[in-house]
Amino acid sequence: MKTWMWRATLAGVVACALGSAGACTNKAEQQAAGQRDTTSLGASADLKTLMAARGLSEADVEAALKTYTPTGKKDEYLIFASGGHSGQILVIGVPSMRQLKTIGVFTPEPWQGYGYGDESNKVLAAGSQGTHSLGWGDVHHPNLSETNGDYDGQFIFVNDKANGRVAVVDLADFMTKQIVANPLVGSDHGGAFVTPNTDYVVETSQYPTPLGREYAPLSDYKDKYRGLAMFWKFDRKKGRIVPEQSWGVELPPYSQDLADAGKKVSDGWVFINSFNTEMATGGTLQGKPAIESGASQNDMDYLHIIDWRKGEQLVNAGKATTMKGIRVLPLQTAAAEGVLTFVGEPKSPHGCDVTPDGAGIVVGGKLDTHGTVYDFAKIKDLIANKKFEGKDAFGVPVLAFKDSIRGQVELGLGPLHTVFDDKGNAYTSLFLESKVAKWSLADLKTLEKLSVHYNIGHILAAEGDTVSPDGKYVVAMNKMSIDRFTPVGPLYPQNFQLVDISGDKMRMIYDLPIGDGEPHYAQMIKADKLHPEKIYPPGTNPYLGGHDPNAVEGGKERITRNGDTVDVYMTAVRSHFVPDQIEVNEGDTVNLHITSTEQAEDQTHGFTIDMYNINLSLEPGKTENVTFKADMPGVYPFYCTEFCSALHLEMTGYMLVKPKGK
Amino acid sequence: MQATGAPGVPRADTHKHLRAFADAEGGAGGTSWGYGRRWGVVALSLAAIGTDVGSLFLDWWKLTLYAPQYPHGLRLTMSLRGMGGDVREIDMLNHYIGMGHLAHAASFEREHAVAGVGVLALMVLALTLLAGRKAGKFIVIPGLAFPTIFLADAYYWMRSFGHNLDPHAPLHIPAFTPQLFGNGQIGQFMTFAVPAAGFWLATSGVLFLAAAVVVRWRVCRECPRAKDCGRLCRAALVGPRLPPKETSR
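Chains A and B, in that order, are what the protein sequence lines are.
Heads up, the first sequence is in my numbering, so the first residue is 226 and it goes up one at a time.
Heads up, the second sequence is in my numbering, so the first residue is 925 and it goes up one at a time.
Encoded structure:
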């Protein structure tokens, strides 16, 4: 009798199983989901013919195979490159070398609406200290945030050498969130380098000036002009630099150059190279030698060694002088307390790169043929035992060069910057020779040189300045391209050359022209370390770091008037603006608050009004505010500036500015 | 029948009324009349109720749309309590043809789904345990109707949405009824509509109920009170196994 029951139950279970199987075995659906084109090579794939027709060698084909990235495939690494004069950061995929984005940093960036809305204007305006609004930056050294000396993919910092500024870019949305202008110095070069846990973003000045941007004649150069090593405190939670918690170390008026933070065994230290310890100030019109000559008389300049943990203690203990809101540890205190120590570095030094284990510091010499490897253990020992060779003109203790180094490696002409791989090799750019030198860190021997085109400046490698470099790729960042590309006028593109370093021999596999500016440094991070947002949660103002109080949702749009101030709470969604008619009077102050109520990936709208220099980018969920005075009577169409949909051209409306007295 | 008590020892008869009932009817089913089947009916009914309640937590219907610019597809799911998936985006697309917001569809049904399933469960229980033979046949009806009601309602709303398009919409298309099941094509979209787990679960509930009816039918046929079966079942469907009498017949 129970069999009935069992049969019935079984029937139910079977029906269930069949049902769920039926639900997920729809063949047509599977085909639609996998609509990828899998067309095979076909008859045209006669490689030899193709190679002959395009004049390609087997090495070329190999390079193509290593870099060609078919549609839909993604890059393994991302380069964050200085955009040089463009004032921006360039994002480039590796190995494809396709440029993925330009991040607006110091220069307004119209596509992103950066510098055309209230909040992004505030970010940019914070970087202008003087009476002139700065519309560009000389972007030099982007540095990714680190955790335990390794890139964590959260933030990137970059300095503007021309105006002494540092910017913070949040990699959650690849947007610039903050620009801090250094109130004490002008140009900066040794930036923006981070300490191993991103406690500080280090910025060091380049061309000495009186601190605080005061006036002093050049005859007072030695007495009144100074350099500065700035330690900008970074609050990771807020994603912002906190100037009130930041501090600096006063430096002699040498030209401090590149810097790097110690890591692992050298954690707690910062190293800065310098030139012009001669303190030449030129005077070419008066018949004096140019600075280039005056600054190149000494055989040695000084590598600056800063014990920043000790400096931090002293500043917190009140040993600093506050200048323009920044606490500065005076030069005498820094020298006397062992915060600042010097050691000689050969002719016209450049590059200052700490080895992955933190035990060595590699410095090149533009007019020297060596790379010098300093031994941090020796340096630390000498400082601890106060074994100084002497003091400089400002009382800063100087270590003996020969006692401080592990050795020198004969590299070639004009060694500049050094990066590292995962096999104990270092790669140094040779500016004058236009070559990359690969050398062994262990025995300080040059292993191989590769010609690059031309005048290589910086060099970068896959995670090549972290505690754990990946190897695989090096990029030569060449200052000149001369004959590499189709001519495009007298201003030539720069040339990024991708080098495969996975084998025994280095192989050049790609040339990428950069037509945006002259890049300086760049870093390459494993792409899977980045987790950017695909859309914003509805009503997000990326500059405010959260929900915008002026954001509205669909159905709650309105126009309110308070005296001669008009607030327009607007939404944008395919393919209309609500409201699409705005009537104001001449002289009204208009606040537009526009929210994209889209939540679909890559569904961006834009917004512009004729004549008023308003241009916003409205990514899904984003809210932008823009304030302007309706001071020109007339009829102004506004429209969506991103081709958002089939009815994009219809995504428009009118702002009517009624003339006074009508 | 085998006696289990020690012979000659009188025992308190804890099932006096059942025994009296069985005796009065001549004991057609013996002392353990219909025990397994009686409980079988209860178990199958409870299983049916379980599937119906369980289906509240599952999607009943799934629509997937593919278009070139949606390489990962768009999904719309329908459960008894609401709609899920890319509702916002589908609403956005629908506005081009003047279709209403999905949030306005079947709002009464969705709000009362939990209460509805509760009533259904009570009806099944009442019919299983309390109804007499005639009414007992109908225990399958609410459960059977359940998935059908859903389909009919879903169809009604789809038809209603497809036939009440805003005449001022940018795209004018003739009134239509979106496909409830199967593959279709709307503009650049390929659509795939299938019933989902909740629907299948509720359908299995129908089978459980059908089985309960069959088993109950056999129970009732053997019921000692079959002859004077009334509106209410007096045969104590959830009764215990009767212990044997002290003396065998």
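Glycine is no exception: its CB is placed at the ideal position from the N, C-alpha and C atoms.
Computed from a predicted structure; not experimentally measured.
{"Item": "C-beta neighbour in chain B for L872 (chain A), strict 8 Å", "Value": "yes"}
{"Item": "Residue burial classification, E469 (chain A) (beta-carbon count within 10 angstroms, cutoff 16)", "Value": "exposed"}
{"Item": "Option nearest E747 (chain A) by Cα separation, candidates A:M276, A:V564, A:A701, A:D460", "Value": "The sequence shown places Ala at residue 747 (chain A), rather than the Glu named in the question. Answer by Cα proximity: A:A701."}
{"Item": "Proximity to A667 (chain A) [Cα-Cα], best of A:G415, A:D628, A:P581", "Value": "A:P581"}
{"Item": "Under 8 Å (Cβ pairs) to chain B, residues found in the segment 796 to 813 of chain A", "Value": "V798, R799, S800"}
{"Item": "CB contact flag (I317 (chain A), L737 (chain A), <8 Å)", "Value": "yes"}
{"Item": "Cα-Cα separation, E849 (chain A) to I1073 (chain B)", "Value": "47 Å"}
{"Item": "Cutoff 8 Å: Q379 (chain A) Cβ touching any chain B Cβ", "Value": "no"}
{"Item": "For I684 (chain A) and V699 (chain A), believed in contact at Cβ under 8 Å, the rounded distance", "Value": "6 Å"}
{"Item": "Bridge partner(s) assigned by DSSP for K751 (chain A)", "Value": "A:Y302"}
{"Item": "Contact set for L526 (chain A): own chain, Cβ-Cβ below 6 Å, skip 5 residues either direction", "Value": "It should be pointed out that residue 526 (chain A) corresponds to Asp in this sequence rather than to Leu. Cβ neighbours of D526 (chain A) beyond the five flanking positions: S499, F500, T502, E570, P574."}
{"Item": "Own chain residues within Cβ distance below 6 Å of F1116 (chain B), not counting five before or after", "Value": "T988, N1107"}
{"Item": "Inter-stretch contact (C-beta, 8 Å, three-pair minimum) for the segment 365 to 377 of chain A and the segment 339 to 351 of chain A", "Value": "no"}
{"Item": "Secondary structure of G415 (chain A), DSSP reduced to three states", "Value": "strand"}
{"Item": "Buried versus exposed call for P995 (chain B) [16 or more other C-beta atoms within 10 Å across all chains shown]", "Value": "exposed"}
{"Item": "Inter-residue spacing [alpha-carbon to alpha-carbon] between G589 (chain A) and Q337 (chain A)", "Value": "39 Å"}
{"Item": "Contacting positions in the segment 763 to 793 of chain A - beta carbon closer than 9 Å to chain B", "Value": "none"}
{"Item": "The segment 967 to 983 of chain B touching the segment 1096 to 1112 of chain B, judged by at least three CB pairs closer than 8 Å", "Value": "no"}
{"Item": "Proximal residues to L1004 (chain B) (C-beta, below 6 Å), its chain only, five neighbours per side dropped", "Value": "L980, A1037"}
{"Item": "Contact list for R1012 (chain B) against chain A, beta-carbon separation under 7 Å", "Value": "Q824"}
{"Item": "Partner residues on chain A for P1094 (chain B), Cβ-Cβ distance less than 9 Å", "Value": "S800, A871, L872, E875"}
{"Item": "Segment contact, 8 Å Cβ cut-off, at least three pairs: the segment 860 to 880 of chain A with the segment 799 to 814 of chain A", "Value": "yes"}
{"Item": "Buried/exposed call for I170 (chain A), threshold 16 Cβ in 10 Å", "Value": "Residue 170 (chain A) cannot be examined here, being either before or after the span of chain A that is shown, 226 to 887."}
{"Item": "Where A1126 (chain B) sits in the DSSP three-state scheme", "Value": "helix"}
{"Item": "Where T372 (chain A) falls: helix, strand or coil (DSSP)", "Value": "strand"}
{"Item": "Residues within the segment 996 to 1024 of chain B neighbouring chain A, beta-carbon criterion of under 7 Å", "Value": "G997, R1012, E1013, M1016"}
{"Item": "CB contact flag (Q313 (chain A), V330 (chain A), <8 Å)", "Value": "yes"}
{"Item": "Rounded Cβ spacing between P1066 (chain B) and V1041 (chain B) (contact assumed at less than 8 Å)", "Value": "In fact, because the Cβ distance is near 10 Å, the residues do not count as touching under 8 Å."}
{"Item": "Contact set for D460 (chain A): own chain, Cβ-Cβ below 6 Å, skip 5 residues either direction", "Value": "V467"}
{"Item": "DSSP state of W361 (chain A) mapped onto helix, strand, coil", "Value": "coil"}
{"Item": "F626 (chain A) in three-state terms, based on DSSP", "Value": "helix"}
{"Item": "Cβ distance (whole Å) where V634 (chain A) is taken to contact W664 (chain A) below 8 Å", "Value": "5 Å"}
{"Item": "Integer-rounded CB distance, given that E826 (chain A) should sit under 8 Å from K751 (chain A)", "Value": "Contact doesn't hold; Cβ gap of about 23 Å is too wide."}
{"Item": "Bridge partners - F721 (chain A), DSSP secondary structure assignment", "Value": "A:M702, A:L737"}
{"Item": "Buried/exposed call for G374 (chain A), threshold 16 Cβ in 10 Å", "Value": "buried"}
{"Item": "Same chain, Cβ closer than 6 Å to R732 (chain A), five either side skipped, listed in chain order", "Value": "D725"}
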